[in-house]
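K.L.:
Submitted below is the structure of interest, expressed as structure tokens.
Numbering (this note's numbering), first residue to last: 5 to 232.
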């Protein structure tokens, strides 16, 4: 982890909603952002630790996950640039309900909670933006719970592949996660993940070349993902 404090929001290539709203309110000087660079596999935050800052992912991909019994993890989301980490503090939750780990070298910007809360309470438009982001996150987690509770192995893997396709906006993409992590995204074992991928490849529904995935038949894959 490397910390850099001599940064200005105006010089950042990613103008987040926090900065844009603060500038509109004439409060940009109060932000005092800190850039933190994380290496691949480094922990960005840990489940149960105190939330001290709002974190914006500027560059790189990261995984958001929860840890359960017997050291088994469930990946909730793959985070991409412009995604936020730690917004739950605004809603009265002082601890991280999840962990976040870098899937590749990541650049983040961190802003103190006090500044975020002041903007949130004083600007209705910004309040609505954060409420929408929080609501969308909760809805996504609820849908995932339904999927994990009702779907069979092939359906879970199919849903995860379709999720990654939407995330990267392409039917052809390079996996930023391992087979084990794809299993954690689907809440199944690595062995079952590999078996399901092999079946889908043999049926020519997907193509696999190392970490490169091609969704050849998204219609069939969607049907599989809907089967309970």
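Here a beta-carbon is modelled for each residue, glycine too, at the ideal position from N, C-alpha and C. No experiment lies behind these values; they were computed from the predicted model shown.
1. Just to confirm before moving on: does the CB-CB distance between residue 71 and residue 51 stay below 8 Å?
2. Please confirm if the stretch 99-111 is in contact with the stretch 62-71, defined as three or more CB-CB distances below 8 Å between the two stretches.
3. Hey, would you say residue 158 sits closer than 8 Å to residue 194, going by beta carbons?
4. Residue 85 and residue 114 look like a contact to me (Cβ under 8 Å); what is the Cβ gap, rounded to whole Å?
5. Quick one: complete beta strand (DSSP E) runs, 3+ long, within the stretch 114-183?
6. With a CB to CB cut of under 6 Å and the five nearest residues on each side skipped, what residues in its chain are close to residue 221?
7. Starting from the Cα of residue 166, find the closest Cα among 226, 184, 55 and 39 and give me that residue.
8. May I have the straight-line CA-CA distance separating residue 196 from residue 187, to the nearest angstrom?
9. Which residue from 6, 32, 5 and 224 puts its Cα closest to that of residue 116?
10. So residue 112 and residue 60 are supposed to be a Cβ contact under 8 Å. How far apart are they, rounded?
11. In whole angstroms, what is the alpha-carbon distance linking residue 171 and residue 200?
12. Which value, in whole angstroms, describes the spacing of the CA atoms of residue 129 and residue 35?
13. Classify residue 187 as helix, strand or coil using the three-state DSSP reduction.
14. Mind checking which residues open and close the alpha helix (DSSP H) that includes residue 201?
15. If you draw a straight line from the alpha carbon of residue 16 to that of residue 155, how long is it in whole angstroms?
16. Assuming residue 161 contacts residue 190 under a Cβ cut-off of 8 Å, what Cβ separation, rounded to an integer in Å, is found between them?
P.N.:
Reading from the atomic positions:
1. On the chain shown, position 67 is the one that residue 71 refers to. On the chain shown, position 47 is the one that residue 51 refers to. Going by C-beta atoms, residue 71 is nearer than 8 Å to residue 51.
2. They touch, by the three-pair rule.
3. Locating residue 158 in the chain shown gives position 154, where the first residue counts as 1. Locating residue 194 in the chain shown gives position 190, where the first residue counts as 1. No, the pair does not count as a contact, with Cβ atoms beyond the cut-off.
4. Looking up residue 85 in the chain shown gives position 81. Looking up residue 114 in the chain shown gives position 110. Wrong, their Cβ atoms sit about 15 Å apart, outside the cutoff.
5. Restricted to the stretch 114-183, the beta strand (DSSP E) segments that are unbroken, complete and at least 3 residues in length are 176-178, listed in chain order.
6. Translated into the one-based positions of the chain shown, residue 221 becomes position 217. Counting only Cβ-Cβ distances below 6 Å, and skipping sequence neighbours, we find 209.
7. Counting from 1 along the chain shown, the entry for residue 166 is found at position 162. Nearest of 226, 184, 55 and 39 to residue 166, Cα basis: 226.
8. The residue given as residue 196 occupies position 192 in the chain shown. The residue given as residue 187 occupies position 183 in the chain shown. About 8 Å.
9. In the chain shown, the residue the question calls residue 116 occupies position 112. For the options 6, 32, 5 and 224, the alpha carbon positioned closest to that of residue 116 is the one of 32.
10. Your numbering for residue 112 matches position 108 in the chain shown. Your numbering for residue 60 matches position 56 in the chain shown. Yes, residue 112 and residue 60 are in contact; Cβ-Cβ is about 7 Å, under 8 Å.
11. If you number the chain shown from 1, residue 171 lands on position 167. If you number the chain shown from 1, residue 200 lands on position 196. Near 21 Å, if we compare the C-alpha coordinates of residue 200 and residue 171.
12. Looking up residue 129 in the chain shown gives position 125. Looking up residue 35 in the chain shown gives position 31. Between residue 129 and residue 35, the C-alpha separation is close to 18 Å.
13. Position 183 of the chain shown holds residue 187. When DSSP states are grouped into helix, strand and coil, residue 187 belongs to the helix group.
14. Position 197 of the chain shown, counted from the first residue, corresponds to residue 201. Counting along the chain, the alpha helix (DSSP H) containing residue 201 begins and ends at 194-206.
15. To locate residue 16, count along the chain shown from 1; it is residue 12. To locate residue 155, count along the chain shown from 1; it is residue 151. Each residue's alpha carbon lies about 42 Å from the other.
16. Residue numbering aside, residue 161 sits at position 157 when the chain shown is read from its first letter. Residue numbering aside, residue 190 sits at position 186 when the chain shown is read from its first letter. The pair is a contact, with the Cβ atoms about 5 Å apart (cut-off 8 Å).
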